[in-house]
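The next block holds one structure in the form of structure tokens; read it before the comments.
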Amino acid sequence: MPCIRLRSRQSRRRLAPLSLAAALLWAAPALAGDKPATPEGADALRALIAKYLPAAQAGATPLVTVKPDGAHYLVSADLSALNALLAETGITYDPAVITYQAVEQDDGNWRVAMDSLPKIGFHSKDATGAIELTNFRSSALISPAIAWLLSGSANMDKGTFQIQNPKITQTIDFGPVQETIATNVAGDGSVSTQVKEEIAELGVKAVGGGAGENESPINFSGRAEKALISLGVDGFKSRKAFDLWGLLAAHPARTDLASHEAELKGLLKALAAPGLKLDEGIEAQKAVVTSSLGAIALGDFKYQLGAANAGPQSAITLSLSADGLSLPVGLLPPNAGALTPSKIDIAAKLKGIDISAAANEWISDLSLQGDGPLLSDDNAEKVEAAFISAGPVQIEFAPSHVVAPAVDADFSGLIRLDHNKPTAAITIHARSFDKTMAAVKDLGPDISAKAMPGLALAKGLAKSESDGSLSWLVELDAQRSIKVNGIPFGKAPE
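4 is the number of the first residue of the sequence shown in our numbering; add one for each residue after it.
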């Protein structure tokens, strides 16, 4: 289930400065209107920012300043103002000012734009780092009514991110970046937002010397011709989330927030109601990873993770695929290339869970009274029980494939986890199995002597299909008994 945490005053101060000014404009329905920027409007924005970021604005140098500038407001975040807030952590920022241009529209929405971003340097007790984006530009259309972005875009020519400590230097560099954001608003005010980002020539590098006798030097690098990133949220109650932020900002101390526990729980339960969906995806094209072992190439890699809060029908899905795998010469035994997968495609779904029930149990049992843990051990067990209350928990494997020059296999089925007694039914299909056996035999007498008897047994247990493939139905029952195509095959280890 999604993790919901109440953070201390200190941790809440570690807010991402790049989004502060734009985020705070979301909560300004009273300011909406078709009018030019005015000193009175700037005062109202400053008051709004101070309400939602009281600690950041309370110092001698406020984090965010606002002033009218013709038809728009200049909203600036001075990163050096964070240093006093973060003094206890040992984190400091080099002086840098991030400036947004905010414009009121006559329909009540706001346009927020940025036409550059300064180099951002930071330091901690153990490391230093810097982010530099060349020709960075962004724009967004924000609706105060829903406290969320209606649309947005960003692009840059190139960028670098580097962090280093005495042992290692890590660098990420990339070429042109394009990002788009699109939102649909439902009748109940919940939002569905998709973020898509395309990054060209993405590179990663880590270099360092071993500090101890047993530590080898580090020299690792990776590069992808293109990376595609997608993030999605559906059914999100953005206004409730912003109201929650306002409540926590107004009552940062636990003792103070305790007197507003009912309001806090009401907002959390609204956010935890069934209907919320999250998804993320990553694709890397023409990727090469180089290390001391050699170069590993991958033509295409895809990853997709999704979670749906649908009460007893909640589910978590995961899919992975890789194509065009090439391994360094010498990494595998001679003749192993015929068995090295060139394509893998795996998809699975976790069911029998209730994300909403677990979240509501956590919220109901949450206690801000006193200084003890927010959730007792007994209540933590109740949350876990609520999470699996729609059980039995099961993992479903959609048809998944593994392909190599001498391997062509797929599998599907499910695994059930009922009262700590797993059961399973997995179907495996293999084509050209004799070719696979011949490839294993070519690995040499040592490997062949160990593997061939097992492969011969598998072939004997297989069912011949009409297309010439072999299939196996592998079953595990609650007593740990295993069957292969209905033939008893012993017991699984406990």
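We put the beta carbon where it would ideally sit given N, CA and C, even for glycine.
Close CB contacts of D118 within its chain, under the 6 Å cut and outside five residues either way in sequence, are with R140 (chain order). Judged by DSSP in its simplified three-state form, L260 adopts helix. For R49, there is no enclosing beta strand (DSSP E); the residue is found in the alpha helix (DSSP H) stretching over P42 to Y55.
Close CB contacts of D46 within its chain, under the 6 Å cut and outside five residues either way in sequence, are absent. Sorting I149, L464, K462 and V443 by C-alpha distance to the C-alpha of A454 places V443 at the top. Counting only unbroken stretches of 4 or more residues, no alpha helix (DSSP H) element lies wholly within the stretch 153 to 213. Separation of T163 and S224 (C-alpha to C-alpha, rounded to the nearest whole angstrom) is 15 Å. Counting C-beta pairs closer than 8 Å gives three or more between the stretch 40 to 57 and the stretch 66 to 74, which meets the contact rule. If only uninterrupted beta strand (DSSP E) runs of at least 3 residues are considered, those enclosed by the stretch 74 to 142 are 75 to 81, 100 to 107, 113 to 117, 123 to 126 and 131 to 137. The stretch 390 to 397 makes no contact with the stretch 371 to 379: fewer than 3 CB pairs, one atom from each, lie closer than 8 Å.
Of all alpha-carbon atoms in P402, D97, L473 and T183, the one lying nearest the alpha-carbon of I349 is that of P402. Beta bridge pairing from DSSP links N222 with V210.
Counted as a single uninterrupted DSSP element, the beta strand (DSSP E) harbouring K70 occupies residues V67 to D72.
Note that the C-beta distance between V180 and M159 is below 8 Å. For the pair A341 and A409, the CB atoms are nearer than the 8 Å cut-off. With fewer than 16 other Cβ atoms inside 10 Å of its own Cβ, D381 counts as exposed. Only residues of its own chain outside the window of five on either side were considered, and among them I366, S367 and L369 have a CB closer than 8 Å to the CB of K268, listed in chain order. For K229 against T174, the beta-carbon gap comes to about 19 Å, at or over 8 Å, which does not count as contact.
Residue pairing by DSSP places A325 opposite F304 and I347 in a beta bridge. In the DSSP assignment, T293 falls within the unbroken beta strand (DSSP E) covering K280 to S294.
Look at L446 here: in three-state DSSP terms it is coil, with no helix or strand label. Annotation: the continuous alpha helix (DSSP H) that includes R242 extends over S241 to A253.
When the Cα atoms are used, I490 and K346 turn out to be separated by approximately 32 Å. A direct Cα-to-Cα measurement between L296 and E266 gives close to 56 Å. CA-to-CA, the gap between F304 and E286 works out to about 5 Å. Here the stretch 276 to 292 makes contact with the stretch 305 to 325; the two share three or more CB pairs at distances below 8 Å. In the three-state reduction of the DSSP assignment, A454 falls in the helix class.
Distances from the alpha-carbon of K38 to those of G249, A63 and A105 put A105 closest. The stretch 191 to 204 makes no contact with the stretch 245 to 258: fewer than 3 CB pairs, one atom from each, lie closer than 8 Å.
As a beta-bridge residue in DSSP terms, R419 pairs with Q397 and T426.
A residue is called buried when at least 16 other Cβ atoms come within 10 angstroms of its Cβ; G493 does not meet this threshold and is exposed.
Contact check for T426 and A481: beta-carbon distance about 6 Å, within the 8 Å limit, so the pair qualifies. Membership of I358 in the alpha helix (DSSP H) is indicated by the continuous run I358 to D368.
A318 is bridged by DSSP to A311. Between Q165 and the set L205, G124, N222 and W248, the nearest pair of CA atoms involves G124. A Cβ-Cβ contact shorter than 8 Å links G416 with A428.
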